Structures are given as structure tokens and as C-alpha cells.
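Below is one structure; the comments refer to it alone.
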Amino acid sequence: MTEPGLPERLTALLERQARRRRAPRWVAETLRGRTGDIWIEEADDSRLVFTNGDGARFDIEIRLALPTQPAARPEPWRPEGIDLPDEGLWRLSYVVVDEIVEDAVTLSVSAWPGVDERGRLVFGDELALSAGTGARALRTYFGRVDFRGDIPETLRMGYAFAAMVRTAPLRRDDGSTLAPSRWLLPPVYDIHTRARAKAKEAFFAAVAPTLKRTEAERMEKTKPRR
Amino acid sequence: MSPQPTNVPAVLPTDLHEKEDFVRGVSPSDLVYFLLNVGDGDLQLFLLPARPDGSRRAVVVDVGRPGKLPPLIDELRATELLPRIPEDGSLFPLVVGTHPHDDHISGMPEFLTTWGHAVREYWEPGYWHTSGAYQKTMQLLEDSDPHIQLTQPTSGTTRFVGRLKILVLSPAVGLRRRFDTYGVDLNDSSISLRVDFPASQVEQRDRERRYVGIRGKTRSFVLGADSLLASWAQVLVDFPEFRRENAPAAQAIEEALGPEALKAEILKVPHHASKHGLNLGLVEAVDPSVSLVSSVGGGGKYNFPHVVTLEALREGLEATTLKGTERSADWKLGIHYTSARDGRGALGSIAMVVPPTGTRRGIWRFRDGPADRVDLANAWHWKLSK
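Encoded structure:
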């Protein structure tokens, strides 16, 4: 038996929609090719309009999503303080303190971001993993392992660090808390200053057009008015 | 002896819900509100009443999980509820990211990638966050074409969208000025909203029109986002309760500004009913007949909803000052959990069908888990809402 071709598949899709939406019989028959007393008009490059003898009408809208070019792998983000070759950077995870409720902390764990041609951090399509742990346990862990940076006195939302991560325990996200040593691998790099700067850049570039280099330099040289 | 309070919603009697045709249960003039089951997180959609050409528009408040909202929109498009997309490309005149926590915006990049071309305006509190979801969202807004207007509303900001009036309750300007990330708790940056339906107050008859006094008769929602007590304290200052005994002045104010700004029929309980998301005073000020809790229902990373908050909610809805007063079951108090179960299993996402007139609203459930798609054909009607 031969596989149905594109016209048959499109017709089958339309018939399924017609059944689901309880279309009148004349619509279903039109879709099956019985088009007597039906006018068909190409309304634009994506729409067909069908009108019957009573003036009743229905539309078919077609949307063609073209294949996107696979993006070239970007350069890895290289914040100050992490002296690793590209492959070492790609093995890191980008970890953010997302939520704190008393001592309970939720960390958002993303694959290491690249940088696009405009200097923006590029996070992959995979959803960030979520890791629950304790704030005190995390600070204690930072103090015990090779921590590159200043251990924060108080953990705050938005604090960010880089480390290699065992993802298997995180993928079993059942709401339980995990000791940091079960999934974090030292060394741990403090990147919160640079991460905050990138977040701030992302925000201001979204709300207003970016400045040209000459404009930025001129503005920086201008003395503030008193 | 009364049972010990618990944060795990009781299993509901099986006969409270009946399987029915959801699509037929909605008329063109109805507002439909969805609170989807995404675990400890929020995803809300308002489907506005149909316009004269049959098209509807929609307002989104948070997308706390990917893989849930775009399929629901596809489902709606395959029914009479969303049969055609508005030709001016404004299917979503307003999208709100209440605050940039993952459980509120982790699905926003997927939604904007799929539907960003049909979004006109995006509200966010202006609290920049280091997470990947936040930065992706900002990049999609930067690249949006046509450009999506980005707005940072504070208390008092009002937007009319079709027949909806959307009033921002928080963040107050005082909190907004303190953001710079480390100045204020990210949750307290949340945009909480009051939504009134219908907002229309002028009757048109041929060449004549007249103002119709329907203040106090509209259906109102208070959507609490993740605002915590510091934020609600400011809300209570910005939107004070006027006591009826202050008669002429109170009546004059009510006539000018509408009824007490916090009183609402439907309350989406703030911060998944965490310990600091709600107190008794707030429940009494809102005085809801329907309270909606979006959380995993006991357990999870934070043990949401918290027993203290649930007890405050219950007490606010049914005072037990008199000795010997028995506490009613949550469902009798109008408390609905996205995590609720009955004898058949999970009840899942919630939809409320709100007619513009004073007839009863309808509450529906779709029996989906947090990672499941909503199947409109598997709709169960809450009998007591008929």
C-alpha cells in the first residue's frame, strides 16, 4: 500500500478539524471534493474563501513555516575570572539563585550560554533545570570547596555562579531538596557581577535603541549638569 | 474534635463535577479565564468576549511553563472559541510577566517565539534578573517586529482592553523606586492586578447614548502574582477601604471611583499561598467568593500552600469567632486548588466562564497534570457553579 501524498494528508487534516468543530455537512462535502454550487476565491496568499448558494462561507488558512537555518555554534561566554579553553567553558553550567523562601533556595541551572554577534548571552532551547537546596548548605559548600571569588555573606535572588553539574539528580525533579555536593562539582566560579551586568544590558536594550560607539563616548565625556 | 489543619487539599467527592461540553458552555459575550495547572507556578489567560466580527482577543498573565499555552491556543483555535485571528494582528493586546521568576516566565520565550508577532504590549516590573528565561524574554522583546511596547506599570496604572478594565494594584511607586535588584525582594516587585468585567458603561441606541451606572455590579478578579506582605501593605495604603458608616463622603467617593478597590469576587491567591503571601486583613478586604490556589498542593520545594495561609484564608471566608463553630470544607468556602483531586484523579487546570450580566459563573476543570496539555474535550463542570 502506498503512503498518502501531500494533498490527501492536507485533506485529512481539514476533515478532522471539520469534525471537531461540528462543521455543517456542505463544508465536509466540499472538503471531500464535492464543490457543486460552491464559489472558491483566493482572498490573499494564505486564505481560500468558500461561499455556497445561500451566501454562507468558510475559510481555509494555510501557514507555511520555512525551515530555519541551523545556527552556527556561537562563541562561549567568557566572563572575567574564568580562564578555561572553549571546551572547558561549554562543560560549565550557568546557575542562578531564582527563589528564596526562608532557608529554601531554588537554583535555575542552564547550559553554559554562548554570545551572539551583538554581545548578548545566548541560552539554548532546553528548559533550565531546577535545583532545590538550603541557603546555609550552599554557603557551607562554597566554603568547603575550591570557590573562585568572594563567598556571599547573604545569598540573594539573582546571585549567579558557574560550575560543572551532575544533571541526572536534577532531572528527577520531585520537589525534594538536594545537598549541593550531590550535583555541584568544584571549582565554583562567582560570576554574579558579570551576570548582573548582562541582565541589565538585556533589559535596557529591550526598552530603548542601543547607542552607537561615538554617541556613548560623547555622553560619557559630558560632565553632569549641576 | 476538628482534624489538624493540613496543606494537602482534601480529595473531593466525585459527584461534584460532571463531564460536559465546554465549548457549548461558552457564549460569545462571555469572558473566559484560565488558570492552568503548572505545579508551583502561574499561567493565566483571559479570552475576551467576541467582537462583532466573531474574533476574540486574549490577555496573558504569566507563562510559568513551556509546552502548555501554545497548545491551548491551538485547541481554542480548533473550536468556535477562537475561530479567527483578528485581522489587525492584535490577538494579544497585552501580555504580563508579573515578575521574572522561572515559575512565572520560563514559558514566556516559547510563547513570544510562537505568538510575539500578535502581541502589542508587554508589562513587566522592571526588575532585571540574571536567569536565562529573563534574558531570552528581553532579547525577544528587543527583536520583536512589529515592536512590542514594553511598559513598567505601578499601582494605579489602568488599561482598558475590550470590555476589560485592568488596574495595577502593585508594585507601588515606593517599591518600584527601590528595585535595583538587591533593594527589594523579587517577589515584591510582582505586578498584581484587579480585572473588572465588563468595563462598558455606555448604552448606544441608534443616535443616542447614555451612561449606565453599573459600578459595583461588575465581576472582579484580584490576581495576586507573587506579591508578599511588604507589597500588600502598600496596596492597602493606596487602595483604602471606605467604611459605609462614613456615609455621604463614602458614597460620594464610591460614586466617583467605584466600589472598594480590593473587593473582588475571584481571588488568585498570591505566591501559591506561601506563608508571607497573604494575611487575614487582605482576605477580609478582598472578600472573595472564589479563591484559586496555584501550587503543587503539599510538598514541593517550599511546602506550598502553607497551613498558616490556608487557615487565614479559611478564617477570612468563614469567621469562627463563636465557640463551637465548625470549619466548612474548602470546596464549600469556594477554595479551588489546581492540585485538587477527586475520586477520578487530578482535577487540574481551572477555567471560569463569566457572563457579562449578573447570571452565575461557570467553573470547569480539565484533569491535566502540570506537564500535560489541556484537552478541552475532557472538561468537567463544577455542579455548584451551574
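First to last, the sequence lines map onto chains A and B. The numbering of the first sequence is the working numbering, which starts it at 21 and goes up by one. The numbering of the second sequence is the working numbering, which starts it at 17 and goes up by one. Where a beta carbon is used, it is the ideal one built from N, C-alpha and C, also for glycine. A quick note: this is a predicted structure, and the numbers were derived from the prediction, not measured.
Checklist entry - Does the count of Cβ pairs from the region 174-192 of chain A and the region 355-363 of chain B closer than 8 Å reach three? => result no
Item to check | Per-residue burial, B/N394 [other beta carbons within 10 Å of its own, 16 or more giving buried] | outcome: Position 378 of the second sequence, counting from 1, holds the residue named residue 394 of chain B. Exposed.
Checklist entry - At a Cβ threshold of 7 Å, is A/F143 touching chain B? => result For the purposes of this step, residue 143 of chain A is taken as the residue at position 123 of the first sequence. Interface residue, yes.
Item to check | Cβ pair A/A48, A/L112 closer than 7 Å | outcome: For the purposes of this step, residue 48 of chain A is taken as residue 28 along the first sequence, with counting starting at 1. For the purposes of this step, residue 112 of chain A is taken as residue 92 along the first sequence, with counting starting at 1. Against a cut-off of 7 Å, the Cβ pair of A/L112 and A/A48 comes out as no contact.
Next on the checklist: Do B/R73 and B/P109 count as a contact pair if the criterion is CB distance below 7 Å?
Outcome noted: Position 93 of the second sequence holds residue 109 of chain B. Position 57 of the second sequence holds residue 73 of chain B. In this structure, B/R73 lies closer than 7 Å to B/P109 by Cβ.
Checklist entry - Between the region 294-328 of chain B and chain A, which residues of the former have a C-beta closer than 9 Å to a C-beta of the latter? => result V312, G315, G316, K317, Y318, N319, F320
Next on the checklist: At a threshold of 6 Å, does A/R93 count as lining the ligand SAM (C-beta to nearest heavy atom)?
Outcome noted: With respect to the ligand SAM, the structure shown offers nothing to examine, as it has no ligands at all.
Item to check | Whole-angstrom C-beta distance between B/H120 and B/D242, which should lie under 8 Å | outcome: Residue 242 of chain B sits at position 226 when you count from the first residue of the second sequence. Residue 120 of chain B sits at position 104 when you count from the first residue of the second sequence. Going by Cβ atoms, the distance from B/D242 to B/H120 rounds to 7 Å, so yes, they are a contact pair.
Next on the checklist: Can you check whether the C-beta of A/V116 is within less than 7 Å of a C-beta belonging to chain B?
Outcome noted: As a first step, residue 116 of chain A is located in the first sequence; it is residue number 96 there, counting from the start. Closer than 7 Å: yes.
Item to check | Residue range of the unbroken alpha helix (DSSP H) whose run includes B/Y92 | outcome: In the second sequence, the residue the question calls residue 92 of chain B occupies position 76. For the sequence presented, residue 92 of chain B should be read as Leu rather than Tyr. Element bounds for B/L92: 85-93.
Checklist entry - Using 7 Å as the limit for Cβ to Cβ distance, is A/R216 near chain B? => result Taking the first residue of the first sequence as 1, we reach residue 216 of chain A at position 196. So, interface residue.
Checklist entry - To the nearest angstrom, how far is it from the Cα of A/V185 to the Cα of A/A131? => result Locating residue 185 of chain A in the first sequence gives position 165, where the first residue counts as 1. Locating residue 131 of chain A in the first sequence gives position 111, where the first residue counts as 1. Using only the alpha carbons, I get a separation of about 10 Å.
Checklist entry - Exposed or buried, which one is B/K84 when buried takes at least 16 other CB atoms within 10 Å? => result As a position in the second sequence, residue 84 of chain B is number 68, starting the count at 1. Burial call: buried.
Item to check | the region 308-326 of chain B touching the region 193-210 of chain A, judged by at least three CB pairs closer than 8 Å | outcome: yes
Checklist entry - Comparing alpha-carbon positions, which option in B/R210, B/S206, B/D201 lies nearest B/T174? => result The residue given as residue 174 of chain B occupies position 158 in the second sequence. Here the closest residue by C-alpha is B/R210.
Checklist entry - Whose CA, out of B/L338, B/D37, B/N319, B/L107, lies closest to the CA of B/T95? => result As a first step, residue 95 of chain B must be located in the second sequence, where it is residue number 79. Of the candidates B/L338, B/D37, B/N319, B/L107, the one whose C-alpha sits nearest the C-alpha of B/T95 is B/D37.
Checklist entry - Taking the C-alpha atoms as reference points, what is the distance between B/M17 and B/S305? => result The count along the second sequence starts at 1 and reaches residue 17 of chain B at position 1. The count along the second sequence starts at 1 and reaches residue 305 of chain B at position 289. Here the model assigns B/M17 a pLDDT of 46, short of 50, so the residue's position is not dependable, and the following value carries that caveat. Looking at the two C-alpha atoms, the distance is approximately 27 Å.
Checklist entry - For the alpha helix (DSSP H) that contains B/Q220, what are its first and last residues? => result What you label residue 220 of chain B is simply residue 204 of the second sequence in a count that begins at 1. Counting along the chain, B/Q220 falls outside any alpha helix (DSSP H), though it belongs to the beta strand (DSSP E) covering 218-221.
Checklist entry - chain A partners of B/A94, CB-CB under 8 Å? => result Along the second sequence, read from residue 1 onward, the residue named residue 94 of chain B stands at position 78. Near B/A94 (Cβ distances below 8 Å), the residues of chain A are Q37, R40, R41.
Next on the checklist: For the region 152-172 of chain B, list every residue whose C-beta sits within 7 Å of some C-beta in chain A, in sequence order.
Outcome noted: K152, M154, Q155, L157, E158, L166
Checklist entry - Any C-beta of chain B sitting closer than 7 Å to the C-beta of A/R259? => result There is no way to answer for residue 259 of chain A, as the model of chain A reaches only from 21 to 246.
Checklist entry - Which partner residues of B/M368 appear in the DSSP bridge assignment? => result Here residue 368 of chain B is taken as the residue at index 352 of the second sequence, counted from 1. B/Y49, B/I379, per the DSSP bridge assignment.
Item to check | Distance CB(B/S236)-CB(B/A280) smaller than 7 Å | outcome: Locating residue 236 of chain B in the second sequence gives position 220, where the first residue counts as 1. Locating residue 280 of chain B in the second sequence gives position 264, where the first residue counts as 1. Yes, these two residues count as a Cβ contact at 7 Å.
Checklist entry - So what's A/V47 in DSSP terms, helix, strand or just coil? => result Within the first sequence, residue 47 of chain A is the residue found at index 27, counting from 1. Looking at A/V47 - three-state DSSP - the assignment turns out to be helix.
Item to check | DSSP state of B/R72 mapped onto helix, strand, coil | outcome: The residue given as residue 72 of chain B occupies position 56 in the second sequence. Note: B/R72 maps to coil in three-state DSSP.
Item to check | Proximal residues to B/R389 (C-beta, below 6 Å), its chain only, five neighbours per side dropped | outcome: Walking along the second sequence from the start, residue 389 of chain B turns up at place 373. Counting only Cβ-Cβ distances below 6 Å, and skipping sequence neighbours, we find P87.
Checklist entry - Taking all protein chains shown into account, do 16 or more other C-beta atoms lie within 10 angstroms of the C-beta of A/V121, making it buried, or fewer, making it exposed? => result For the purposes of this step, residue 121 of chain A is identified with residue 101 of the first sequence, where counting begins at 1. Flag for A/V121 reads buried.
Next on the checklist: Using only the alpha-carbon positions, how far apart do A/P24 and A/E35 sit?
Outcome noted: Counting from one through the first sequence, the residue named residue 24 of chain A turns up at place 4. Counting from one through the first sequence, the residue named residue 35 of chain A turns up at place 15. Those two C-alpha atoms are separated by around 15 Å.
Checklist entry - Along chain B, in chain order, which residues have C-beta atoms closer than 8 Å to that of A/A222? => result The residue you call residue 222 of chain A lines up with position 202 of the first sequence. Ordered by position in chain B, the residues that pass the 8 Å Cβ test against A/A222 are W144, Y150, Q151, M154, Q155, E158.
Checklist entry - So what does DSSP say about A/M184, is it helix, strand or coil? => result In the first sequence, the residue the question calls residue 184 of chain A occupies position 164. A/M184 falls in the strand class under three-state DSSP.
Checklist entry - Shorter than 7 Å from the beta carbon of B/S147 to some beta carbon of chain A? => result Position 131 of the second sequence, counted from the first residue, corresponds to residue 147 of chain B. Yes, B/S147 counts as interfacial toward chain A.
Item to check | Cα-Cα separation between B/T22 and B/E224, rounded to whole angstroms | outcome: By 1-based counting over the second sequence, the position of residue 22 of chain B is 6. By 1-based counting over the second sequence, the position of residue 224 of chain B is 208. If you take the alpha carbons of B/T22 and B/E224, they lie about 58 Å apart.
Item to check | Nearest candidate by alpha-carbon position, reference B/Q151, set A/D79, A/M239, A/F223, A/L30 | outcome: Working through the second sequence from its first residue, we reach residue 151 of chain B at position 135. Nearest of A/D79, A/M239, A/F223, A/L30 to B/Q151, Cα basis: A/F223.
Item to check | Residues in the region 115-132 of chain B having any Cβ partner in chain A nearer than 7 Å | outcome: H117, D118, S122
Next on the checklist: One question on the structure: do B/D56 and B/G316 come within less than 7 Å of each other, judged by their Cβ atoms?
Outcome noted: Position 40 of the second sequence, counted from the first residue, corresponds to residue 56 of chain B. Position 300 of the second sequence, counted from the first residue, corresponds to residue 316 of chain B. Yes, the Cβ-Cβ distance between B/D56 and B/G316 is below 7 Å.
Next on the checklist: Using a Cβ-Cβ cutoff of less than 8 Å, which residues in the same chain neighbour A/R202 once the five nearest sequence positions on both sides are dropped?
Outcome noted: Working through the first sequence from its first residue, we reach residue 202 of chain A at position 182. Cβ neighbours of A/R202 beyond the five flanking positions: R186, P189.
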